[in-house]
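Data first, discussion second: the structure below is written as structure tokens.
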Amino acid sequence: MSMPYKNDMTPVSPTNLSKKKKKKSPPAATTEAPFDRVRYCQVGSAPATMASNEAMWGSTSSGGAPACAFPTVPRVARSHAWDWVALLLLVAVDALLNVVEPFHRFVGAGMMADLGYPMKANTVPVWAVPVIAVIAPVVIFIVFYIRRRNVYDLHHAILGILFAVLITGVLTDAIKDAVGRPRPNFFWRCFPDGKAVYDSITTGVICHGDPKVIKEGHKSFPSGHTSWSFAGLGFLSWYLAGKITVFDRRGHVAKLCVVLLPLLVAAMVAISRVDDYWHHWQDVCTGGVLGLVVASVCYLQFFPAPSDEKGTPHFLGNCCTEDTLMKNNLQKRRI
Numbered sequence: 146m147s148m149p150y151k152n153d154m155t156p157v158s159p160t161n162l163s164k165k166k167k168k169k170s171p172p173a174a175t176t177e178a179p180f181d182r183v184r185y186c187q188v189g190s191a192p193a194t195m196a197s198n199e200a201m202w203g204s205t206s207s208g209g210a211p212a213c214a215f216p217t218v219p220r221v222a223r224s225h226a227w228d229w230v231a232l233l234l235l236v237a238v239d240a241l242l243n244v245v246e247p248f249h250r251f252v253g254a255g256m257m258a259d260l261g262y263p264m265k266a267n268t269v270p271v272w273a274v275p276v277i278a279v280i281a282p283v284v285i286f287i288v289f290y291i292r293r294r295n296v297y298d299l300h301h302a303i304l305g306i307l308f309a310v311l312i313t314g315v316l317t318d319a320i321k322d323a324v325g326r327p328r329p330n331f332f333w334r335c336f337p338d339g340k341a342v343y344d345s346i347t348t349g350v351i352c353h354g355d356p357k358v359i360k361e362g363h364k365s366f367p368s369g370h371t372s373w374s375f376a377g378l379g380f381l382s383w384y385l386a387g388k389i390t391v392f393d394r395r396g397h398v399a400k401l402c403v404v405l406l407p408l409l410v411a412a413m414v415a416i417s418r419v420d421d422y423w424h425h426w427q428d429v430c431t432g433g434v435l436g437l438v439v440a441s442v443c444y445l446q447f448f449p450a451p452s453d454e455k456g457t458p459h460f461l462g463n464c465c466t467e468d469t470l471m472k473n474n475l476q477k478r479r480i
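Per our numbering, the sequence shown starts with residue 146, numbered consecutively.
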């Protein structure tokens, strides 16, 4: 029996020849449980990625992530627990800034020409600002939720607008305390009886009015009414732009008018602050820009640009479309 040779005439052993002819068996096929996009879950065994989101999805009797679960507002909120804790910290910081005494900027006799405007009541009361900037937009968010049953959309919208107004509030009050600019009606806050008293050397004012009223008189810059209004209503404008697809390049001006309406309301609040002689025009302009910038950043933190994905919020873990979430709700009712 002749021995087979390689190309270089080296003999090949029968053992090596059998190894050479032996074919490798194909890798065993792995079976993966199909993904049910209607229920937004894994059919059969749950994937490992969902196990890490147990706080959002809940758990099954066998432990770990559920094989099939529906997202709810409490579950999504628990997955954002640290964000809600951050909101509470912002509330505490803002409350502290309102207790701190603002910087008492020098006010001389020659400055009273610009600070002698009469004291007037607020056209927009302080209590009305949260109603306009937060509660009214949240009602609109709930209306969209009732129509589309998008849990993520409702949660992210509420969380986003709260971040917008609270971050704006902290920045506004911090700047107010640091700058200490007197309000246009500072004269009547300092001298409620109309009898001005000045230092004989520095010509600085010697106020004899209510200390609380005087303290508030050193908080002109920037306007809190304006910044809060533009933060909340600016966020609402972004939200509406995404939901009604105002940038779909179809030229529907009516959609643009709907988006601009909240900004018009915020502008009216800003103008009222100047008309009431509570703020200078620079105060409301700065407050408006501050609130609008913060609102834009907070919106884009939770939602894509309005020209993308019809304003669908950023999801945690595996993503699904808004249409899928609507099917999810229909399937949930059948179950």
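We put the CB at the ideal spot given by N, CA and C, even for glycine. Being a predicted model, the structure only gives us computed values, none of them experimental.
(request) Pull up the distance between the alpha-carbon of Leu409 and that of Gly354, whole angstroms please. (result) 37 Å
(request) Within the same chain, show all residues whose beta-carbon is closer than 6 Å to that of Ser345, passing over the 5 residues directly before and after it, in chain order. (result) Result list for Ser345: empty, nothing under 6 Å.
(request) Could you check what DSSP says for Ser197 in three-state terms: helix, strand or coil? (result) Note that Ser197 scores a pLDDT of 43, beneath 50, so its modelled location is shaky; the value from the coordinates is reported in the next line. DSSP places Ser197 in coil when its eight states are reduced to three.
(request) Taking all protein chains shown into account, decide if Arg418 is buried (16 or more other Cβ within 10 angstroms of its Cβ) or exposed. (result) buried
(message) Can you look up Tyr262 in the DSSP assignment and give me helix, strand or coil?
(response) Shown here, Tyr262 sits in coil according to DSSP, grouped into three states, outside any helix or strand.
(request) Any chance you could list the alpha helix (DSSP H) runs of at least 4 consecutive residues sitting entirely within the segment 340-367, in chain order? (result) Annotation note: the segment 340-367 contains the following uninterrupted alpha helix (DSSP H) runs of length 4 or greater, listed N- to C-terminal: 356-362.
(message) DSSP three-state label for Gly253, please.
(response) strand
(request) Determine, using beta-carbon pairs with one atom in the segment 265-278 and one in the segment 361-368, whether at least three such pairs fall under 8 Å. (result) no
(request) Pick helix, strand or coil for Gly387, following the three-state DSSP scheme. (result) helix
(request) Whole angstroms is fine: what's the gap from Val383's alpha carbon to His249's? (result) According to the sequence as given, residue 383 is Trp; it is not Val. Going by the C-alpha atoms only, they are around 38 Å apart.
(message) In this structure, how does DSSP classify Thr268 when only helix, strand and coil are distinguished?
(response) Three-state result, Thr268: coil.
(request) Check whether the Cβ of Asp428 sits closer than 7 Å to any heavy atom of the ligand FAD, and report yes or no. (result) No copy of the ligand FAD occurs in the structure displayed, which carries no ligand at all.
(message) I'd like to know whether the C-beta atoms of Phe308 and Leu260 end up nearer to each other than 8 Å.
(response) Not a contact, by the Cβ cut-off of 8 Å.
(message) Can you look up Asp239 in the DSSP assignment and give me helix, strand or coil?
(response) Of the three classes helix, strand and coil, the one that applies to Asp239 here is helix, per DSSP.
(request) Can you tell me which of the three DSSP states Phe332 falls into? (result) It is helical.
(message) So, does the segment 291-308 touch the segment 427-436, judging by three or more C-beta pairs under 8 Å?
(response) no
(request) Using 10 angstroms around the beta-carbon of Ile280, count the other beta-carbons present and answer buried if the total reaches 16, otherwise exposed. (result) exposed
(request) Report back the beta-carbon spacing between Thr313 and Ala254 to the nearest angstrom; my notes put them in contact at under 8 Å. (result) So it is not a contact: roughly 36 Å between Cβ atoms.
(request) Using the Cα positions of Tyr343 and Pro337, report the straight-line distance between them to the nearest angstrom. (result) In a straight line, the C-alpha of Tyr343 is about 14 Å away from that of Pro337.
(request) With a 10 Å radius around its C-beta and 16 neighbouring C-beta atoms as the bar for buried, classify Val276 as buried or exposed. (result) Exposed, because fewer than 16 other Cβ atoms sit within 10 Å of the Cβ of Val276.
(request) Please name the residue in Gly305, Ile320, Val358, Thr317 whose C-alpha comes closest to that of Asn330. (result) Val358
(message) So, for Cys352: in the same chain, excluding its five sequence neighbours on each side, which residues have a beta-carbon less than 6 Å away from its beta-carbon?
(response) Answer for Cys352: Cys335, Ile359, listed in chain order.
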